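In what follows, a structure is listed as structure tokens, so that the remarks can point back to it.
In this note's numbering, the protein residues as written are 137 to 363.
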């Protein structure tokens, strides 16, 4: 766990001086780097977090990474308590949940107390995940297989994994980040280790995010097959 935290801090050291142009947010008008933005979150949490969440949902990974860094201490504490109860890869699960919480966060319905909401949602998601028995080496079900349990539909052109992922992204059923990861794993054929290396995380995090993404596709199976 702590090697992951150390790796994240090392990564942030290389990212914090990245120039940003987030002047659409008045509170970040004078923020020149990602590190500047991070330092201002504590003073203006709701407007800055709302702005960064929106940026992340539009595909700005640095915005999402800045949020994750702001909450890293809380995630480490949460993971340490879980690890003490014998849960392996707890920090990986917390980080994956944080990314997914950010990409799914409903700004229109929950525009205030965003910091508290993020922590609460991550806690609820990870707790539900930890209470669900899973094989830690489970290979996530490919998107095309995830639709096999749906009742037969009228004959239509077979949907491939790229078709399903593109359709889900087009309808905002999955985020751009989730679509990219699913494409890398299920279309490009990347291994979990390769995808983890690209995104500076662990294979367990990739598996967790893929499971979540595929679950979203399965929930939309009827719409996907009839669109």
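Ideal placement from N, C-alpha and C gives every residue a C-beta, glycine not left out. Note that the coordinates shown come from a computational prediction; the quantities given were computed from them, not determined experimentally.
Legend entry - Span of the alpha helix (DSSP H) around residue 180: Translated into the one-based positions of the chain shown, residue 180 becomes position 44. Boundaries for residue 180: no alpha helix (DSSP H) harbours it, and the DSSP string shows neither H nor E there.
Inset, instruction - Measure the beta-carbon distance from residue 203 to residue 189 and round it to whole angstroms, keeping in mind my assumption that it falls under 8 Å. - result: In the chain shown, the residue the question calls residue 203 occupies position 67. In the chain shown, the residue the question calls residue 189 occupies position 53. Correct: roughly 7 Å between the Cβ atoms.
Inset, instruction - Evaluate contact between the stretch 303-314 and the stretch 232-250, counting only Cβ atoms and requiring at least three cross-stretch pairs below 8 Å. - result: Counting Cβ pairs under 8 Å, three or more are found: they touch.
Inset, instruction - Give every residue of the same chain whose Cβ lies closer than 6 Å to the Cβ of residue 257, excluding the five residues on either side of it in the sequence, and list them in chain order. - result: Start at 1 with the first residue of the chain shown, and residue 257 comes out as number 121. So the list reads 237, once near-sequence residues are dropped.
Legend entry - Rounded Cβ spacing between residue 360 and residue 304 (contact assumed at less than 8 Å): Within the chain shown, the letter at position 224 stands for residue 360. Within the chain shown, the letter at position 168 stands for residue 304. That belief holds up - the Cβ atoms of residue 360 and residue 304 are roughly 7 Å apart, short of 8 Å.
Legend entry - Classification of residue 179 by the beta-carbon crowding that lies within 10 angstroms, buried from 16 upward: On the chain shown, position 43 is the one that residue 179 refers to. Residue 179 counts as exposed, since fewer than 16 other beta carbons sit within 10 angstroms of its beta carbon.
Inset, instruction - Count the other CB atoms, across all protein chains shown, that sit within 10 Å of the CB of residue 334; report buried if there are 16 or more and exposed otherwise. - result: Taking the chain shown and counting its residues from 1, the one referred to as residue 334 is at position 198. It is exposed - the Cβ of residue 334 has fewer than 16 other Cβ atoms within 10 Å.
Inset, instruction - Would you tell me roughly how many angstroms separate the C-alpha atoms of residue 187 and residue 196, rounded to the nearest one? - result: Walking along the chain shown from the start, residue 187 turns up at place 51. Walking along the chain shown from the start, residue 196 turns up at place 60. As the crow flies, the alpha-carbon of residue 187 is around 11 Å from that of residue 196.
Inset, instruction - Can you check DSSP and say which residues form a bridge with residue 155? - result: Residue mapping note: residue 155 aligns to position 19 of the chain shown, counting from 1. Residue pairing by DSSP places residue 155 opposite 169 in a beta bridge.
Inset, instruction - Take every Cβ of the stretch 216-230, pair it with every Cβ of the stretch 148-157, and state whether three or more of those distances are shorter than 8 Å. - result: Fewer than three Cβ pairs drawn from the stretch 216-230 and the stretch 148-157 lie within less than 8 Å of each other, which leaves the two stretches out of contact.
Inset, instruction - Please state whether DSSP places residue 322 in a helix, a strand or coil. - result: Reading the chain shown from its first residue, position 186 is the one you call residue 322. Residue 322: helix per DSSP, three-state reduction.
Legend entry - Same chain only: Cβ atoms within 7 Å of residue 230, ignoring 5 sequence neighbours per side: Sequence index remark: in the chain shown, residue 230 carries index 94 (1-based). The answer, listed in chain order, is 211, 214, 215, 258, 262.
Legend entry - residue 340 to residue 205 span [Cα, whole Å]: Taking the first residue of the chain shown as position 1, residue 340 is located at position 204. Taking the first residue of the chain shown as position 1, residue 205 is located at position 69. Residue 340 and residue 205: Cα-Cα distance of roughly 19 Å.
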